[in-house]
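Here's the structure, in structure tokens; my notes come after.
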Amino acid sequence: MFKLDLKRLGIVAGLSLSLVAAGCGSDEGSEGNNNGDGNSSDGGNSSAAVGEELDYTITGIDAGSGVVGAAKKSIDEYGLEGWEVQTSSGAAMTQALGDAIEDEEPIIVTGWTPHWKFAKYDLKYLEDPNKVFGGEEKIKSMARSGLKDEKPNLYKILDQFNWEASDMESVMLAIENGTPEEEAAKNWIKDNQDKVDEWTKGTDKVDGVEAKIAYVAWASEIASANVIKAVLNEQGFNTEIKQLDNGVMWQAVAEGEADGMVAAWLPGTHGDLYDSYKDQLEDLGANLEGAKIGLVVPSYMEVSSIEDLKGE
Ligand code: PBE
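Read in order, the letters of the sequence shown are residues 1 to 312 in our numbering.
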């Protein structure tokens, strides 16, 4: 195919240039990636070349996640012919990211904030001029209908739950560094009792009332689910946090199988799910502001925009 040949030529040109550049002893400041011609001095991190090196693959997470949906949409919207999103899991994605960084190899992952990866690695979001990944997101809490009357104290705590991105990140980072999930949640609560007191303000303790909170196995939601569980249990609830696929989490709250969830990324990430279920659940508002999703790469990569992936 003509297109592929052009890409090959780009690689060859990139490689020969990289030999020249190696003689200069520096690849800093090369701006050779802005026209997608692959002629960058590192021979691997520039637009067309990066596609070849990555086998035109974006390292995704679970197929049901909003960020994978947006990544697939970005392939269409930016005309990234031949690119694919490989789905796996959040854990597999961060493993692949860590491995690539160890070898200073290129990688593109579906990423999000808050996430511990930004504390651990030097990363950047690829610019998204077409706003396929949306803008600033909020994480909202949702309750099943009827919860307010049936379990008013649970309803009120979910409604008052509110923290900062840095709070969530610190719990995520502790878990990533090996602290068991429940312990990381309890440690954060111990250090932030003033915040937690705001969430439980005006509620009464209960005696073993069951609370069922749905969540998804994303690092951010593992953190929030464990924190809310620990807070509820301190108030006397018998809390079960139930790990589900994204669509099933929404469905579980909508159909009343779960009492609620604190993992609704809106308006963009879970916008479709919200539209499907909004009449069957109660939106309790944001529990965290300043969230974001996008394509994330190590800072040493030269590509800066999703448009750069287009090649020729
Ligand atoms: N995430 C984390 C989720 C929402 C929370 C960005 C991976 C998603 O893409 O659906």
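We treat Cβ as the ideally placed atom computed from N, Cα and C, and that holds for glycine.
### Query
Based on Cα-Cα distance, which residue from P152, A217, G294 and P298 lies nearest to V248?
Residue mapping note: residue 248 aligns to position 248 of the sequence shown, counting from 1. Ranking P152, A217, G294 and P298 by CA distance to the CA of V248 puts A217 first.
### Query
What's the gap between the Cα of S305 and the Cα of D167?
By 1-based counting over the sequence shown, the position of residue 305 is 305. By 1-based counting over the sequence shown, the position of residue 167 is 167. Cα to Cα, the separation comes out at about 29 angstroms.
### Query
Taking Cβ positions, are I157 and T200 nearer each other than 7 angstroms?
Here residue 157 refers to the residue found at position 157 when the sequence shown is read from its first residue. Here residue 200 refers to the residue found at position 200 when the sequence shown is read from its first residue. A distance below 7 angstroms separates the beta carbons of I157 and T200.
### Message
Please identify the residue among K242, I228 and S220 whose C-alpha is closest to the C-alpha of G236.
### Response
Stepping through the sequence shown from its first residue, residue 236 is reached at position 236. That would be I228, whose Cα lies nearest to the Cα of G236.
### Endpoints, the beta strand (DSSP E) within which Q86 is located
Within the sequence shown, numbered from 1, the residue matching residue 86 stands at position 86. That run of the beta strand (DSSP E) goes E84 to Q86.
### Query
Is the beta carbon of A264 less than 7 angstroms from the beta carbon of M142?
Sequence index remark: in the sequence shown, residue 264 carries index 264 (1-based). Sequence index remark: in the sequence shown, residue 142 carries index 142 (1-based). The Cβ-Cβ distance between A264 and M142 falls below 7 angstroms.
### Query
Are T57 and V109 touching if we call contact CB-CB under 7 angstroms?
Locating residue 57 in the sequence shown gives position 57, counting from the first residue. Locating residue 109 in the sequence shown gives position 109, counting from the first residue. No, these two residues do not count as a Cβ contact at 7 angstroms.
### Query
So I293 packs on F133, CB below 8 angstroms; how close in whole Å?
Mapped onto the sequence shown, residue 293 falls at position 293. Mapped onto the sequence shown, residue 133 falls at position 133. I293 to F133, Cβ: 5 angstroms. Contact.
### Message
Is W250 near ligand 1 - that is, is its Cβ less than 6 angstroms away from at least one heavy atom of it?
### Response
Translated into positions along the sequence shown, residue 250 becomes position 250. No, the Cβ of W250 stays beyond 6 angstroms of every heavy atom of ligand 1.
### heavy atom of ligand 1 below 6 angstroms from S220 C-beta
For this step, residue 220 is matched to residue 220 along the sequence shown. Yes, the beta carbon of S220 sits closer than 6 angstroms to at least one heavy atom of ligand 1.
### Query
To which residues does DSSP link W265 through a beta bridge?
Residue mapping note: residue 265 aligns to position 265 of the sequence shown, counting from 1. Answer by DSSP bridge pairing, in chain order: I139.
### Message
Measuring only from the beta carbon, is S65 closer than 6 angstroms to any heavy atom that is part of ligand 1?
### Response
Start at 1 with the first residue of the sequence shown, and residue 65 comes out as number 65. Indeed, a heavy atom of ligand 1 lies less than 6 angstroms from the Cβ.
### Message
Using a Cβ-Cβ cutoff of less than 7 angstroms, which residues in the same chain neighbour Y155 once the five nearest sequence positions on both sides are dropped?
### Response
Here residue 155 is taken as the residue at index 155 of the sequence shown, counted from 1. Residues A143, L147 and K148 of the same chain have their beta carbon placed closer than 7 angstroms to that of Y155, with the five preceding and five following residues left out of the count.
### Query
Which same chain residues, not among the five before or five after D103, have their C-beta less than 8 angstroms away from its C-beta?
Counting from 1 along the sequence shown, the entry for residue 103 is found at position 103. Taken in chain order, the list of residues that qualify is empty.
### Message
Does the distance between the C-beta of T179 and the nearest non-hydrogen atom of ligand 1 fall short of 6 angstroms?
### Response
Here the question's residue 179 lines up with position 179 in the sequence shown. Checking the Cβ of T179 against ligand 1 gives no.
### Message
Is it buried or exposed, G23, if we count other Cβ atoms within 10 angstroms and call 16 or more buried?
### Response
Counting from 1 along the sequence shown, the entry for residue 23 is found at position 23. Bear in mind that the predicted position of G23 carries a pLDDT of just 37, short of 50, making it too unreliable to give a figure here.
### Task
Give the secondary structure of L123 by DSSP, where H, G and I count as helix, E and B as strand, and everything else as coil.
Along the sequence shown, read from residue 1 onward, the residue named residue 123 stands at position 123. L123 falls in the strand class under three-state DSSP.
### Message
Between which residues of its own chain and S299 is the CB-CB distance below 8 angstroms, once the five residues before and five after are set aside?
### Response
As a first step, residue 299 is located in the sequence shown; it is residue number 299 there, counting from the start. Excluding positions up to five away in sequence, the list reads D122, L123 and K124.
### Query
How would you label P114, buried or exposed, when you count the other beta carbons within 10 angstroms and need 16 or more for buried?
Counted from its first residue, the sequence shown places residue 114 at position 114. Under this definition P114 is a buried residue.
### Query
Near T179, what residues of its chain come up, given a Cβ to Cβ distance below 8 angstroms and the 5 sequence neighbours on each side ignored?
Your numbering for residue 179 matches position 179 in the sequence shown. Contacts found: N187.
### Task
Closer than 8 angstroms by C-beta to A230: which residues in its own chain qualify, once you throw out the five before and the five after it? Chain order, please.
As a first step, residue 230 is located in the sequence shown; it is residue number 230 there, counting from the start. The residues are E182, A185, K186 and I189.
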